[in-house]
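K.L.:
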Amino acid sequence: MKISFILFTITCATVIPIAYFENRVERQLGGGGGGGGGGGGGGGGGGGGGGGGGRGGGGGGRFDDFVFPPNAESRSEECTTSTRNVGECKPLSECIVLISDIQSIGRSTCLLEEGVNGVCCPLIEQVAFAADSVSLSAPARSEAPSRESLPEISRNDVNTAAQSGDAALASRDKLEEELLFRGLTVQRGTPEDFHQNFLKTFNTGMILGRTAIRSEHASNEISK
Numbered sequence: 038m039k040i041s042f043i044l045f046t047i048t049c050a051t052v053i054p055i056a057y058f059e060n061r062v063e064r065q066l067g068g069g070g071g072g073g074g075g076g077g078g079g080g081g082g083g084g085g086g087g088g089g090g091g092r093g094g095g096g097g098g099r100f101d102d103f104v105f106p107p108n109a110e111s112r113s114e115e116c117t118t119s120t121r122n123v124g125e126c127k128p129l130s131e132c133i134v135l136i137s138d139i140q141s142i143g144r145s146t147c148l149l150e151e152g153v154n155g156v157c158c159p160l161i162e163q164v165a166f167a168a169d170s171v172s173l174s175a176p177a178r179s180e181a182p183s184r185e186s187l188p189e190i191s192r193n194d195v196n197t198a199a200q201s202g203d204a205a206l207a208s209r210d211k212l213e214e215e216l217l218f219r220g221l222t223v224q225r226g227t228p229e230d231f232h233q234n235f236l237k238t239f240n241t242g243m244i245l246g247r248t249a250i251r252s253e254h255a256s257n258e259i260s261k
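Take any residue in the sequence shown, note its place counting from 1, add 37, and you have its number in our numbering.
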């Protein structure tokens with residue numbers, strides 16, 4: 038019993054507002070036709086209402102009261118581009134050609150109908166014709182990379198290259214000691230000091246740097 042009462046309550050709460058809403062919409066859209074159609078047998082007043090406002094009772098004409106204006110088409114005027122060609126004055130967002138060419142925007146300004154600045158956009162036909170006229174040069178034939186035989190490297194060559202890397206690293210260490218001995222160091226509070234404090238070095242980075250210097254000089258020596 039309780040379940041039936043609950044279902045009845047939900048049905049009434051759902052159907053009644055929908056019916057009320059549809060009735061109001063029909064009266065607003067159909068005018069007197071709704072009343073005339075509903076009470077057509079009530080007399081001449083009802084019949085006159087049904088004939089005068091027959092849009093509601095005639096079927097299919099509910100939306101005649103709504104006016105849908107035509108889509109506003111943006112009209113563009115002709116203008117002259119920076120390359121002395123004929124173009125159309127448009128907003129910059131509608132000109133794909135000039136969006137990618139920032140330097141030409143300042144030389145291609147024009148005035149739109151709204152009184153705001155636009156750009157003189159080149160015609161698509163002209164742009165397509167200009168793109169077709171570009172010639173791309175390519176080599177007649179491609180040559181395969183030459184395959185040179187690598188020279189044989191002996192153990193003595195490797196040792197000599199390693200000694201060259203060690204000598205270059207020792208030379209840098211000697212230069213650093215000489216600069217410290219002469220007091221040629223970065224003064225505190227200078228831009229150089231701030232730069233060094235910002236780019237701090239770590240032991241791992243210093244070890245990798247010394248190894249890279251040694252390897253670079255060794256590679257240059259062994260490639261001679």
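Even for Gly, the Cβ is constructed at its ideal location relative to N, Cα and C. Note that this is a predicted model, so its numbers are computed, not measured.
(1) Between the region 182-193 and the region 147-156, do three or more beta carbon pairs fall short of 8 Å?
(2) Considering only residues of the region 194-230, which uninterrupted beta strand (DSSP E) runs meet the minimum length of 3 residues and lie entirely inside it, listed in chain order?
(3) Looking at the strands, I want to know which residues DSSP matches up with T294.
(4) Could you please give the first and the last residue of the uninterrupted beta strand (DSSP E) stretch that includes E258?
(5) Between C116 and L135, how many whole angstroms is the CB-CB distance? I'm expecting something under 8 Å.
(6) For C132, report the span of its beta strand (DSSP E) as first-last.
(7) Which partner residues of E125 appear in the DSSP bridge assignment?
(8) Using C-beta distances below 7 Å, list every residue in its chain close to A199, excluding the 5 sequence neighbours before and after it, in chain order.
(9) With DSSP run on the structure shown, which of helix, strand or coil describes R192?
(10) Quick check: the Cα distance between T31 and R121, rounded to an integer number of angstroms?
(11) Would you kindly work out how many angstroms separate the C-alpha atoms of M243 and S119, rounded to a whole number?
(12) I need the straight-line Cα distance from S130 to N257, nearest angstrom please.
(13) Going straight from the alpha carbon of E253 to that of I133, what length do you get?
(14) Only counting the same chain, and skipping five residues up and downstream in sequence, which positions put a Cβ closer than 8 Å to that of D194?
(15) Starting from the Cα of T248, find the closest Cα among I142, A205, E214, L236 and give me that residue.
(16) Leaving out five residues on either side along the sequence, give the residues of the same chain with a beta carbon under 6 Å from the beta carbon of I250.
P.N.:
Straight from the coordinates:
(1) no
(2) none
(3) Since the first residue of the chain shown is 38 and the last is 261, residue 294 is not available in this structure.
(4) Careful: E258 lies outside any beta strand (DSSP E), inside the alpha helix (DSSP H) at 240-259.
(5) Not confirmed; about 12 Å, so no contact.
(6) Per DSSP, C132 belongs to no beta strand (DSSP E) and is neither H nor E.
(7) E115, C158
(8) A255
(9) helix
(10) The requested residue 31 does not occur in the structure, where the chain is confined to residues 38 to 261.
(11) Distance between the alpha carbons of M243 and S119 is about 57 Å.
(12) 55 Å
(13) 49 Å
(14) I259
(15) A205
(16) L206
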